[in-house]
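S.K.:
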Amino acid sequence: MKKNNMKNNMKNNMMNNMKNNMKNNMMNNMMNNMKNNMMNNMMNNMNNMKNNMMNNMMNNMNNMMNNMMNNMMNNMMNNMMNNMNNMKNNMMNNMNNMNNMKNNMKNNMNNMMNNMNNMMNNMNNMMNNMMNNMMNNMNNMMNNMMNNMKNNMMNNMMHNKNKKTF
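Mapped onto the numbering used here, the consecutive letters of the sequence shown carry residue numbers -10 to 155.
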């Protein structure tokens, strides 16, 4: 009886041990698997998130840089075009001013020439008038003198004749 008991106990113990071991192993395996899976998933998720974030950041930075460059180029081009236009306009204005100045100078010269011509004509007229007046005066004087002389002579002659008679 005692021997049987001992055998039974041993068997039971062994069975129990085996059962427990199996259960423990299974539990451990399951736990390990679960833990590993969770860790892997978490790591993958984190990596994905990090990659996404990095990509987004890079894209944003590229976009920003491109925009900045485009804006800068556009501004520069616009400024350059404006400057060129201003320069052209200034040049055109200068040209116009120069033309006006030339025309003014020509007009001034023409006016001066006309004035000189007028002055010359006036002087000629004056000289002619003076000469004519002088000639007329001389003629009148000569005529008067001649008339006077003739009259005097006539008078003298008459007088002499009369004297002779008496």
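Quick reminder that beta carbons are idealized off the backbone N, C-alpha and C, glycines included.
#1: Can you give the Cα-Cα distance for residue -4 and residue 23, rounded to whole angstroms?
#2: Leaving aside the five residues before and after residue 56 along the sequence, list all residues of the same chain whose C-beta is less than 6 angstroms from its C-beta, in chain order.
#3: With a floor of 3 residues, list each beta strand (DSSP E) that falls wholly inside the segment 104 to 146, ordered by position along the chain.
#4: Express the C-alpha separation of residue -7 and residue 161 in angstroms, rounding to a whole number.
M.R.: Result, derived from the coordinates:
#1: Against the sequence shown, residue -4 aligns to sequence position 7. Against the sequence shown, residue 23 aligns to sequence position 34. Roughly 40 angstroms between the two C-alpha positions.
#2: Stepping through the sequence shown from its first residue, residue 56 is reached at position 67. Nothing listed; no residue qualifies.
#3: Counting only runs of 3 or more, we get nothing.
#4: Any question about residue 161 goes unanswered here, given that the chain covers just -10 to 155.
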